[in-house]
Amino acid sequence: MTFGPFPRLRALHSRTLVSIAVAAALSGTAYAQSTAQQSALEEVIVTAERRDVSLQDVPTSATVMTAAALAAQGIDNVIDLQQAAPSVAINTYNRSTFINIRGVGIAQSAPTSNPGVAYYIDGMFIPHEQFIAQSFYDIDTIEVLRGPQGTLTGQNSTGGAIYVRTPAPNFDGFSGYIDQTIADYDWYRTVAALNAPFSDTLAVRIAGVYDDRGSYSKNVGPSPSKPGSGTDTGARVSLRYQPTEGATFDLRYEYFERETGNNAIKNRDDLGSSGPFVIEEDAISFLNQRGYRASLEGRFDLPADTQLRVLASYFDAETTDQADGDRSATALPVPPDLPTSGANTAIYRGRIGKTHQELETFVSEVNLLSRGDGPVQWVVGAFYMEEESPVQVWRDNRNTVNFVQSNSTIDTVLKNESISLFGQIDWRFADRWALDLGVRRSEDSQEYTRLAIPGPPPPGCFPCTTDLESSETTGRLGVKFFVNDDVMLYATGSRGYKAGGINLDPRLPNYDPETNEVMELGWKTTLADGRLRLNGAAFYSEYDGIQLSSLTAVGTPPILLPNTLNAAPAEIIGVELELLGRFGGLGFNLGVSALDTEFTKDAMLTDSQTNTNRLVPKGSPIPFAPELTATAGIEYEFMIGSATLTPRIQASYMDEQLSTPFRYTQTVVPSRTITDVRVTWVPLQQLRLEGFVSNVFDKEYIAAQVQDASSAQGGIIFGAPRQYGIRAKYDF
């Protein structure tokens with residue numbers, strides 16, 4: 000591979016080789032539960048293709064984590080996945096979680112935006128990033144697929160897909176568990192599950208979580224809020240009905256609530272006067288979410304070795320969040336040249352921003368796929384999504400300093416519709432050769448009605464309704480070569496698409512679709528008599544129509560509002576490596592990725608820091624694309640009679656990344672290395688006891704840099720300090 004015009008990747012390549020030589024890392028391919036007597040790694044199964052396929056036969060860069068892996072690595076929510084999967088960067092701010100894979104995804108929350116990384120729970124597509132941060136509980140596997148997806152199932156995506164699978168009810172008998180975690184900073188987490196068969200054809204599984212976390216930060220302002228604290232509560236009921244061997248019905252219902260004090264965001268002006276975990280707020284900050292998901296899935300075996308799969312799901316949720324806009328308890332005067340609300344009065348105490356969003360989504364998918372072990376495997380399908388989302392935004396800025404927006408209200412209703420047809424064929428045309436060919440046609444429409452906007456509306460625009468349609472044909476072509484039973488090489492070309500959209504304010508233009516074309520060379524190998532698994536990939540991406548968001552001044556007097564626009568095209572090249580080993584009681588993993596990204600043309604984009612259009616020169620890196628990420632871990636399982644004792648140390652490294660296309664101190668998220676230690680004692684087959692220390696060296700680091708419409712200056716979210724805890728799980 001030549002690195003062409005990307006000299007930085009040569010240095011990254013060298014750093015990656017050094018990392019591989021000195022580290023055994025955690026979070027690579029898949030981490031399977033083992034014992035000291037285990038002589039080979041367990042086979043890892045991928046279900047994203049709507050059939051059970053060995054990870055080693057899938058021509059896609061992927062990370063698969065079982066329930067045992069999640070427990071061993073302390074992964075409790077989607078944000079933790081970046082500590083386990085190469086090329087993944089995840090940032091959170093208030094109600095939203097931004098997932099980027101290989102630098103492709105989403106960088107800013109907006110009601111009309113579409114995710115670049117598709118997220119699924121038991122096959123249900125979750126269309127908005129506001130509703131994916133709840134605690135994981137009772138998980139079977141999590142699959143992280145890198146690169147464009149869409150020819151096999153679900154929604155189209157430019158960056159990748161994450162599939163969360165929960166255990167299905169089984170007919171093996173009554174069973175369950177209770178899992179309790181207690182840690183300092185007032186963290187209490189309880190997860191419980193129960194499986195009960197009613198007959199040979201009907202079984203139920205019930206699971207729930209209560210996750211209550213105190214804040215690392217102290218609010219010294221007059222507000223009673225506790226930013227950084229929060230409680231997740233959830234319950235799930237799954238019912239499986241199998242009337243015949245060839246027919247299965249799965250009915251699932253899940254309810255969730257999330258109540259937090261919102262993010263603990265540090266005012267940058269306070270860095271010199273107080274520590275990272277001291278904040279000052281006078282307005283009340285909170286985030287309240289609640290909702291439910293319901294789905295019915297049927298699988299029917301048909302003649303000619305085919306299967307019909309039908310899935311219908313409904314998602315109903317709402318979220319309300321409020322934040323202190325100036326992140327200060329000092330009531331600062333309004334300069335005479337800035338607009339105010341009436342006689343310099345405020346609706347709320349302090350300067351706040353408040354948002355309320357509701358979401359109703361119906362998703363249906365139909366698949367017809369082949370069964371059996373023949374040389375030709377195929378799947379065809381149709382996907383339909385319809386959603387409606389009312390959004391209200393309130394701003395109140397009596398105490399404004401660096402922000403020119405006075406009292407304002409935004410009241411809107413968003414309607415989305417997406418229809419797709421897709422199919423893929425896998426043809427083993429020779430003993431060692433196979434061909435993959437897939438295609439997808441996507442049709443998307445969006446309608447956005449504004450019932451109220453800040454400032455005078457444009458002439459003839461009240462209410463303002465905007466319609467937008469997008470469509471694209473995408474696909475995938477790949478070839479696999481099986482060197483032998485343990486080595487597979489592959490080459491693929493794929494194209495992903497993300498629909499265009501409509502901005503919040505009618506005075507801002509619509510934005511066009513985003514596409515990502517990727518060429519990938521990879522390998523899957525099983526070595527040392529099944530004790531070692533080494534997978535890797537090198538890829539080149541042409542990323543066009545990149546959808547980025549910034550704050551843009553709108554109207555007279557000017558009002559800062561989120562604005563999604565299409566940036567200049569970019570190129571991304573990278574390499575990824577994942578290693579998993581098990582030799583007796585010794586287990587280790589490696590996950591490393593190196594990226595080199597650059598915009599390939601000059602572009603004039605809005606800079607939220609200066610509220611002006613500024614040049615982003617050709618060659619600048621794209622946001623949320625750290626050049627190097629790595630995870631490393633090693634454990635040893637000691638047999639002590641019939642019990643086991645397993646100490647484990649793991650570390651994750653994430654290189655510096657930008658939160659906008661512009662480089663400032665306020666937009667750079669510095670590099671960080673976080674180390675965790677765990678010791679697990681299993682005295683009985685049914686009992687697991689664990690002690691852990693997260694961030695063992697008490698590393699002070701910035702988790703996210705924030706630019707928002709409440710403050711053009713934004714703020715800093717610091718990562719968690721050192722934390723001690725214990726965990727106990729009892730199976731029955």
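Numbering (numbering that gives the first Met the number 0), first residue to last: 0 to 731. Virtual Cβ for every residue (Gly too), placed ideally from N, Cα, C.
- With a 10 Å radius around the Cβ and a threshold of 16 neighbouring Cβ atoms, K523 comes out buried.
- L144: member of the beta strand (DSSP E) spanning 140-145, first to last residue.
- Three or more Cβ pairs closer than 8 angstroms define a contact, and the region 184-200 falls short of that threshold against the region 78-86.
- When rounded, the separation of the alpha-carbon atoms in V591 and V574 is 8 angstroms.
- By the beta-carbon neighbour count (other beta carbons within 10 angstroms, threshold 16), M64 is buried.
- The alpha carbon of Y729 has as its nearest neighbour, out of Q179, S216, E359, I120, the alpha carbon of Q179.
- Secondary-structure assignment with DSSP links P561 through a beta bridge to L550.
- F428 counts as exposed, since fewer than 16 other C-beta atoms from the protein chains shown sit within 10 angstroms of its C-beta.
- For A246, the uninterrupted beta strand (DSSP E) run begins and ends at 246-259, by DSSP.
- When the alpha-carbon of I409 is set against those of G380, L358, G373, P462, the nearest one is in P462.
- By the beta-carbon neighbour count (other beta carbons within 10 angstroms, threshold 16), R726 is buried.
- Straight-line measurement puts the Cα of Y291 at about 26 angstroms from the Cα of G149.
- The beta carbons of N515 and G499 sit about 14 angstroms from each other, so the pair does not count as a contact at 8 angstroms.
- Per DSSP, L54 is not a residue of any beta strand (DSSP E), being assigned neither H nor E.
- Your pair D320 and N261 checks out as a contact, with CB atoms roughly 6 angstroms apart and the cut at 8 angstroms.
- By the neighbour-count criterion, in which 16 or more other beta carbons inside 10 Å mark a residue as buried, E142 falls on the buried side.
- Between K414 and E364, the gap from beta carbon to beta carbon reaches 8 angstroms or more.
- As DSSP reads the structure, K217 sits in a beta bridge with V277.
- With a threshold of 16 other beta carbon atoms within 10 Å, K617 falls short and is exposed.
- The straight-line gap separating the alpha-carbon atoms of T611 and T659 is approximately 14 angstroms.
- It is roughly 30 angstroms from the alpha-carbon of M603 to the alpha-carbon of W393.
- Residues V681, K728 of the same chain have their beta carbon placed closer than 6 angstroms to that of R687, with the five preceding and five following residues left out of the count.
- Comparing C-alpha distances from D675 to each of Q685, S693, T200 shows the shortest one belongs to S693.
- In the same chain as L576, and ignoring 5 residues on each side of it, the C-beta atoms closer than 6 angstroms to its own belong to G535, V591, in chain order.
- Of the residues assessed, E128 falls on the buried side of the cut-off, its CB having 16 or more other CB atoms within 10 angstroms.
- If the five residues before and after P625 are omitted, its C-beta is found closer than 8 angstroms to the C-beta atoms of A88, L594, M653, D654, E655, Q656, S670, all from its own chain and listed in chain order.
- D137 and A206 do touch by the CB rule: their CB atoms are close to 4 angstroms apart, below 8 angstroms.
- Here A629 is not near V668, since their CB atoms are 8 angstroms or more apart.
- A straight-line Cα-Cα distance of about 17 angstroms links S470 and G380.
- For N113, the CB contacts under 7 angstroms within the same chain, skipping 5 residues up- and downstream, are K497, A498, G500 in chain order.
- Taking T46 as reference, the option from I120, T643, P646 with the minimal CA-CA separation is I120.
- Runs of the alpha helix (DSSP H) lying entirely within the region 489-553 and spanning at least 4 residues: none are present.
- Shown here for W377: same chain residues with a beta carbon closer than 8 angstroms to its own, the five before and five after excluded, namely L368, S369, G422, Q423, I424, D425 in chain order.
- The region 58-129 contains, as complete alpha helix (DSSP H) runs of 4+ residues, the segments 66-72 (chain order).
- Shown here, R721 sits in coil according to DSSP, grouped into three states, outside any helix or strand.
- Y291: member of the beta strand (DSSP E) spanning 285-301, first to last residue.
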